[in-house]
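Novice:
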Amino acid sequence: MARRAPCAPSLIFLPLLQETKNRFFVMEAIEKIKCSAGITAHNEEANMAQILDAMLNQRLHQVEIAEIIVVASGCTDRTEDIVREYAQKDARIQLFSQERREGKTSAINVFLAQAKEKICVLESGDTVPHEDAVENMVRMFADPAVGMTGAHKVPVNTPEHVVGFLSHLRLKLEHQLCLEIPRLGEMIAFRKVFDAIPPDVAMDEAFVEALVIRRGLQVRYAPDAVVFNMGPETVGDFVKQRRRNHAGHLYLQDKYGYQVSSLNSGRVVELALAEIWGALRLIWILFALGSLEAYARLLGWWDYKVRKRTHVVWDIAWTTKEVKRPVESKGINITSPHLPAKNE
-7 MARRAPCAPS
3 LIFLPLLQET
13 KNRFFVMEAI
23 EKIKCSAGIT
33 AHNEEANMAQ
43 ILDAMLNQRL
53 HQVEIAEIIV
63 VASGCTDRTE
73 DIVREYAQKD
83 ARIQLFSQER
93 REGKTSAINV
103 FLAQAKEKIC
113 VLESGDTVPH
123 EDAVENMVRM
133 FADPAVGMTG
143 AHKVPVNTPE
153 HVVGFLSHLR
163 LKLEHQLCLE
173 IPRLGEMIAF
183 RKVFDAIPPD
193 VAMDEAFVEA
203 LVIRRGLQVR
213 YAPDAVVFNM
223 GPETVGDFVK
233 QRRRNHAGHL
243 YLQDKYGYQV
253 SSLNSGRVVE
263 LALAEIWGAL
273 RLIWILFALG
283 SLEAYARLLG
293 WWDYKVRKRT
303 HVVWDIAWTT
313 KEVKRPVESK
323 GINITSPHLP
333 AKNE
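Residues in the sequence shown are numbered consecutively from -7, following my numbering.
1) Does the stretch 137 to 154 come into contact with the stretch 214 to 226, if we say contact requires no fewer than three beta-carbon pairs (one atom in each stretch) closer than 8 Å?
2) Please name the residue, chosen from L281, C27, K81, that lies closest to I111 on a Cα-to-Cα basis.
3) Using three-state DSSP, classify E20 as helix, strand or coil.
4) May I ask which residues mark the beginning and end of the beta strand (DSSP E) holding Y296?
5) Near F17, which residues of its chain fall below 7 Å by C-beta distance, leaving aside the five closest residues on each side in sequence?
6) Whose CA, out of Q86, V231, I205, M40, lies closest to the CA of A137?
7) In this structure, does DSSP put L87 in helix, strand or coil?
8) Suppose contacts are defined by Cβ-Cβ distances below 7 Å. Is L158 in contact with M195 by that definition?
9) Taking C-beta to C-beta, are M40 and N149 nearer than 7 Å?
10) Please classify T226: is it buried, with 16 or more other beta-carbons within 10 angstroms of its beta-carbon, or exposed?
11) Going by other Cβ atoms of all chains shown within 10 Å of its Cβ, with 16 needed for buried, is Q50 buried or exposed?
12) Taking all protein chains shown into account, decide if D192 is buried (16 or more other Cβ within 10 angstroms of its Cβ) or exposed.
13) L114 lies in the beta strand (DSSP E); which residues open and close that run?
14) Check each candidate in D246, A288, Y78, T119 and name the one with the smallest Cα separation from I180.
15) In angstroms with no decimal places, state the Cα-to-Cα distance between E56 and I25.
16) Which residue's Cα is closest to the Cα of V130: A198, I277, L52?
17) So, is I275 buried or exposed, given that buried needs 16 or more other C-beta atoms within 10 angstroms?
18) Can you list, in chain order, the residues of its chain whose CB lies under 6 Å from that of F88, leaving out five sequence neighbours each side?
19) If you draw a straight line from the C-alpha of A333 to the C-alpha of G117, how long is it?
20) Across which residues does DSSP place Y213 in a beta bridge pair?
21) Looking at the unbroken beta strand (DSSP E) that takes in M179, where does it start and where does it end?
22) With DSSP as the reference, identify every bridge partner of G30, one or two as the case may be.
23) Provide the residue(s) that pair with N345 in DSSP beta bridges, ordered along the chain.
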């Protein structure tokens, strides 16, 4: 009896192998979005190693950091030495030194002159990005309409004292405002559609916003791109920081006709009133909770001391018996109150 020759395995799996190969080449053909990262620093010895480690250890998928340019302005500590040490380990790191401190705008212009990529990421030397910050900011530029993105600022100082609490509250209000009207700072990414910033501009991030918008591009907030910074620790520093920022924003408005979202006092007042209402509501809830707890304890005392009842057989609270896990809820994060929930 004649036997049928077995089919060649290659003939059976050839279509599957070809499809897999095609998918592989399609994935390879998808170009990553390259960016130049710039860090401006003045005497950031305490933070420079930490920020460079954070930049080198970014989790990147759609994005590639092609170069990391550090502009050190008038540094008299070990900031430049630390950068040189890291540059020996990673060729992407470059150091450009300014003999004297000429202001952040001057340092940014040095970065712009050296940056090779069309997308630039700019970060202050006194901040530290979360490991997903660059990815979550830069991947937005896959949309050609996007001209600028900004990170979600999270303070690291303790809110236990008054000034620390003010820093946390201010950035919380700013975050809520940015969800409606972006006001970007500390860590931004933008298309390199300009060569330099005028030397008289103090609020560089706001000026970049103005340039981008005037070119018909969109400014977007990236709430899942977290950058950590240290807020003021004293009342004097808090006032000093807010004073210079407001003066810079007013100058930008008068000379260049651009108003940042935080100058929209009406919306800021609305957000502040919402916080006040939340605080008053919390006080009422705490009062109600305390009253109910006191009432329940009084009844428990009555049961035990007067009625001699120990509740060995519980009086069942029936509304506690149906548990529904919030599996459909989004934005729930049980690991940190500051970071966005991870997508599964």
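Here a beta-carbon is modelled for each residue, glycine too, at the ideal position from N, C-alpha and C. In this text the structure is predicted, and so the values were computed from the model without any measurement.
Specialist: Here's the rundown:
1) At 8 Å Cβ cutoff, the stretches touch.
2) Here residue 111 refers to the residue found at position 119 when the sequence shown is read from its first residue. For I111, the nearest C-alpha among the options comes from C27.
3) By 1-based counting over the sequence shown, the position of residue 20 is 28. Bear in mind that a pLDDT of 47 at E20, under 50, signals an unreliable position, so the model cannot answer this.
4) Within the sequence shown, the letter at position 304 stands for residue 296. No beta strand (DSSP E) contains Y296, which DSSP labels as neither H nor E.
5) As a position in the sequence shown, residue 17 is number 25, starting the count at 1. Unreliable placement is indicated for F17, whose pLDDT of 47 sits below 50; the coordinate value is still reported in the next sentence. Sequence-distant Cβ neighbours of F17 in its own chain, meaning closer than 7 Å and more than five residues away, do not exist here.
6) Numbered from 1 along the sequence shown, position 145 holds the residue referred to as residue 137. Measuring from the Cα of A137, the nearest candidate turns out to be I205.
7) As a first step, residue 87 is located in the sequence shown; it is residue number 95 there, counting from the start. L87 falls in the strand class under three-state DSSP.
8) As a position in the sequence shown, residue 158 is number 166, starting the count at 1. As a position in the sequence shown, residue 195 is number 203, starting the count at 1. Taking a C-beta distance under 7 Å as the contact criterion, L158 and M195 do not qualify as a contact pair.
9) Here the question's residue 40 lines up with position 48 in the sequence shown. Here the question's residue 149 lines up with position 157 in the sequence shown. No.
10) For the purposes of this step, residue 226 is identified with residue 234 of the sequence shown, where counting begins at 1. Here T226 is exposed, its C-beta having fewer than 16 other C-beta atoms within 10 Å.
11) By 1-based counting over the sequence shown, the position of residue 50 is 58. With 16 or more other Cβ atoms within 10 Å, it is buried.
12) Locating residue 192 in the sequence shown gives position 200, where the first residue counts as 1. So D192 ends up on the exposed side.
13) Walking along the sequence shown from the start, residue 114 turns up at place 122. It spans 111 to 116 - the beta strand (DSSP E) in which L114 sits, taken as one unbroken run.
14) Residue mapping note: residue 180 aligns to position 188 of the sequence shown, counting from 1. Closest by C-alpha distance to I180, out of D246, A288, Y78, T119, is T119.
15) Translated into the one-based positions of the sequence shown, residue 56 becomes position 64. Translated into the one-based positions of the sequence shown, residue 25 becomes position 33. When the Cα atoms are used, E56 and I25 turn out to be separated by approximately 6 Å.
16) On the sequence shown, position 138 is the one that residue 130 refers to. Nearest in C-alpha terms to V130, of all of A198, I277, L52, is L52.
17) By one-based count along the sequence shown, residue 275 stands at place 283. Here I275 is exposed: its Cβ has fewer than 16 other Cβ atoms, across all protein chains shown, within 10 Å.
18) Translated into positions along the sequence shown, residue 88 becomes position 96. Answer for F88: V63, V102, listed in chain order.
19) Start at 1 with the first residue of the sequence shown, and residue 333 comes out as number 341. Start at 1 with the first residue of the sequence shown, and residue 117 comes out as number 125. Low local confidence applies: a pLDDT of 48 at A333 is under 50, so the model's placement there is unreliable, with the coordinate-based value given in what follows. Cα-Cα distance, rounded: 27 Å.
20) Taking the first residue of the sequence shown as 1, we reach residue 213 at position 221. Partner(s): G142.
21) Your numbering for residue 179 matches position 187 in the sequence shown. Its beta strand (DSSP E) spans residues 179 to 183.
22) As a position in the sequence shown, residue 30 is number 38, starting the count at 1. DSSP output for G30 lists I61, L114 as bridge partner(s).
23) Since the displayed the chain opens at -7 and closes at 336, residue 345 lies outside it and no answer follows.
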